[in-house]
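So that you can map any letter, position 60 of the sequence shown is 100 in the numbering used here, and since no number is skipped, the others follow by simple counting.
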Amino acid sequence: MTDLGLHMGQAMGDQDLPGVLVSDLEGPHGICEDHAEDLKRHFNLITMQDFLENKAQLGPQIQAVYIWCGRPAVSQELLHSLPSLKIVASAGAGLDHLDLGLMASFGVKVANTPHAVSSPTADLGMALLLAAARRVVEGHQLAVSPHTENFPTDYMGQQVTGATLGIIGMGSIGYKIAQRARAFEMKIVYHNRKRRKLEEEEAVGAIYCERLDDLLQWSDFVMLAVSLTPQTQGLIRKRELRLMKPTAILVNIGRGLLVDQEALVEALQTGLIKAAALDVTYPEPLPRDHPLLELKNVILTPHIGSATHQARRQMMENLVESILASLSGLPIPNEVLLK
Ligand SMILES: O=CC(=O)O
Numbered sequence: 041m042t043d044l045g046l047h048m049g050q051a052m053g054d055q056d057l058p059g060v061l062v063s064d065l066e067g068p069h070g071i072c073e074d075h076a077e078d079l080k081r082h083f084n085l086i087t088m089q090d091f092l093e094n095k096a097q098l099g100p101q102i103q104a105v106y107i108w109c110g111r112p113a114v115s116q117e118l119l120h121s122l123p124s125l126k127i128v129a130s131a132g133a134g135l136d137h138l139d140l141g142l143m144a145s146f147g148v149k150v151a152n153t154p155h156a157v158s159s160p161t162a163d164l165g166m167a168l169l170l171a172a173a174r175r176v177v178e179g180h181q182l183a184v185s186p187h188t189e190n191f192p193t194d195y196m197g198q199q200v201t202g203a204t205l206g207i208i209g210m211g212s213i214g215y216k217i218a219q220r221a222r223a224f225e226m227k228i229v230y231h232n233r234k235r236r237k238l239e240e241e242e243a244v245g246a247i248y249c250e251r252l253d254d255l256l257q258w259s260d261f262v263m264l265a266v267s268l269t270p271q272t273q274g275l276i277r278k279r280e281l282r283l284m285k286p287t288a289i290l291v292n293i294g295r296g297l298l299v300d301q302e303a304l305v306e307a308l309q310t311g312l313i314k315a316a317a318l319d320v321t322y323p324e325p326l327p328r329d330h331p332l333l334e335l336k337n338v339i340l341t342p343h344i345g346s347a348t349h350q351a352r353r354q355m356m357e358n359l360v361e362s363i364l365a366s367l368s369g370l371p372i373p374n375e376v377l378l379k
């Protein structure tokens, strides 16, 4: 935590601390419970429920919104009730839950925590890739089942070593995936809006694919690590799935809406592609009767890319630093530049 942060938190009484709106202090939609004490050293935390019960008094006290796991939502109506708001500080890398144009129109700054999430999310991407390739979940289910025949030959998987990995989205998460994949001796191709510097490509042995179609045709594994924007929504549809190899595995650690889920279900059911491993879907969680839940060639995790104790703590600390800097008129770490 910054010196600035410690100074402000220690020097003021609770009631004088800047008001920060959070969704809740506990429960599934709250902030991490063990972060509340740290946050309270710096801020007067106001929950959404308290705010809604007493908007007139609490609204003007709120100088920052602290978004954790996408909550609270920041609507135009909310912005109108927060006349002193300076910053919306959002945990995570993705910004698809925020209307950045709206924030800009209210003169509100935005910050996120891209650095804290990149390594754990890349780790999870590799975990999903390996698990799907080697059918780890099916293997676990077999190993704990009542069957005594434990070494069936029909649990063969895809070899990772030497296979071609296509990374879509070569930001900090995509690049960290490439670094990890290199240790598995994978051939790496990538597609990105902007080509990376030559030395960065060489450091991980990645080859730039200007055409997404080429990447899809060449890859044994396709990893989606791209942000969700109007341009990337539905990036993988029936046509793109058709271009993939029948042995290919799709891993999505970006956002569910990058993929046309109906087309994916059909591709998995008909053997157009081999398997999928998804940390993200739409909606989240999926309805309990969703066909993705029935398929053996699918591994699902509940959007846990950044869910390590270390990353979550770093995210919280980064948000505190950004909020304190904005309230002091200092340059804001991890500020998202609004157009
Ligand atoms: O989903 C997680 C993130 O946006 O970092």
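C-beta atoms are modelled at their ideal positions from N, C-alpha and C, and glycine is treated no differently.
Simplified DSSP assignment, three categories, for Val-262: In the sequence shown, the residue the question calls residue 262 occupies position 222. In the structure shown, Val-262 sits in a strand (DSSP, three-state: E or B).
Determine whether the beta carbon atoms of Ala-129 and Ala-151 lie at a separation below 9 angstroms. For this step, residue 129 is matched to residue 89 along the sequence shown. For this step, residue 151 is matched to residue 111 along the sequence shown. Yes, these two residues count as a Cβ contact at 9 angstroms.
Which partner residues of Ala-151 appear in the DSSP bridge assignment? For the purposes of this step, residue 151 is taken as the residue at position 111 of the sequence shown. DSSP output for Ala-151 lists Ala-129 and Glu-375 as bridge partner(s).
Ignore the nearest five residues each way along the sequence and tell me which others in Val-284's own chain have a CB closer than 6 angstroms to its CB. Looking up residue 284 in the sequence shown gives position 244. The sequence shown places Met at residue 284, rather than the Val named in the question. So the list reads Leu-256 and Ile-313, once near-sequence residues are dropped.
Three-state secondary structure (DSSP) at His-231? Reading the sequence shown from its first residue, position 191 is the one you call residue 231. The answer is strand: DSSP assigns His-231 an E or B state.
Endpoints, alpha helix (DSSP H) assigned at Leu-182: If you number the sequence shown from 1, residue 182 lands on position 142. Per DSSP, Leu-182 belongs to the alpha helix (DSSP H) from 176-183.
CB of His-343 to nearest heavy atom of ligand 1: below 8 angstroms? In the sequence shown, residue 343 corresponds to position 303, counting from 1. Within the cutoff, so yes.
Any chance the region 175-194 sits against the region 212-225, with 3 or more Cβ pairs inside 8 angstroms? no
Can you name the residues that DSSP bridges to Ile-102? Working through the sequence shown from its first residue, we reach residue 102 at position 62. Answer by DSSP bridge pairing, in chain order: Gly-59.
Cβ neighbour criterion (16 or more within 10 Å) applied to Glu-361: The count along the sequence shown starts at 1 and reaches residue 361 at position 321. Burial call: buried.
Using beta-carbon positions only, say whether Ala-316 and Asn-337 come within less than 9 angstroms of one another. Within the sequence shown, numbered from 1, the residue matching residue 316 stands at position 276. Within the sequence shown, numbered from 1, the residue matching residue 337 stands at position 297. For Ala-316 and Asn-337, yes; Cβs fall inside 9 angstroms.
Measuring only from the beta carbon, is Ala-133 closer than 8 angstroms to any heavy atom that is part of ligand 1? Here residue 133 refers to the residue found at position 93 of the sequence shown. Within the cutoff, so yes.
Among Pro-286, Leu-359, Leu-378 and Val-291, which one has its Cα closest to the Cα of Thr-310? Residue numbering aside, residue 310 sits at position 270 when the sequence shown is read from its first letter. Ranking the options by Cα distance to Thr-310, first place goes to Pro-286.
Helix, strand or coil: which one does DSSP assign to Asn-358? For the purposes of this step, residue 358 is taken as the residue at position 318 of the sequence shown. Of the three classes helix, strand and coil, the one that applies to Asn-358 here is helix, per DSSP.
Alpha carbon to alpha carbon, what distance is there between Glu-357 and Ala-365? For the purposes of this step, residue 365 is taken as the residue at position 325 of the sequence shown. For the purposes of this step, residue 357 is taken as the residue at position 317 of the sequence shown. The alpha-carbon atoms of Ala-365 and Glu-357 are separated by roughly 12 angstroms.
Check whether the Cβ of Ser-212 lies closer than 8 angstroms to any heavy atom of ligand 3, and answer yes or no. Judged by which ligands are present, ligand 3 is missing from the structure shown, whose ligands are ligand 1.
For a quick check, are the C-beta atoms of Ile-102 and Leu-61 less than 9 angstroms apart? Here residue 102 refers to the residue found at position 62 of the sequence shown. Here residue 61 refers to the residue found at position 21 of the sequence shown. For Ile-102 and Leu-61, yes; Cβs fall inside 9 angstroms.
Mapping the DSSP letters down to three states, classify Arg-222 as helix, strand or coil. For the purposes of this step, residue 222 is taken as residue 182 along the sequence shown, with counting starting at 1. Residue state, collapsed to three classes: helix.
Does the distance from the C-beta atom of Ala-156 to that of Met-210 stay below 9 angstroms? Position 116 of the sequence shown, counting from 1, holds the residue named residue 156. Position 170 of the sequence shown, counting from 1, holds the residue named residue 210. Taking 9 angstroms as the Cβ cut-off, Ala-156 and Met-210 do not qualify as a contacting pair.
Between Ile-207 and the rest of its own chain, which residues show a CB-CB distance below 7 angstroms, the 5 nearest in sequence each way excluded? Here residue 207 refers to the residue found at position 167 when the sequence shown is read from its first residue. Answer for Ile-207: Gly-214, Ile-217, Ala-218, Ile-228, Tyr-230, Met-263 and Ala-265, listed in chain order.
What are the start and end residues of each continuous beta strand (DSSP E) run of 3 or more residues lying completely inside the region 238-285, in chain order? 246-248 and 261-264
Thinking C-beta only, is Arg-277 closer than 9 angstroms to Val-299? Position 259 of the sequence shown, counted from the first residue, corresponds to residue 299. Position 237 of the sequence shown, counted from the first residue, corresponds to residue 277. Yes. Within cutoff.
By DSSP's criteria, Arg-111 is part of a beta bridge. Which residues make up the other side? Your numbering for residue 111 matches position 71 in the sequence shown. Answer is Trp-108.
In whole angstroms, what is the alpha-carbon distance linking Leu-275 and Gly-99? Taking the sequence shown and counting its residues from 1, the one referred to as residue 275 is at position 235. Taking the sequence shown and counting its residues from 1, the one referred to as residue 99 is at position 59. If I take the Cα positions, the gap works out to 40 angstroms.
Is there contact here, the region 339-359 with the region 114-133, by at least three beta-carbon pairs under 8 angstroms? yes
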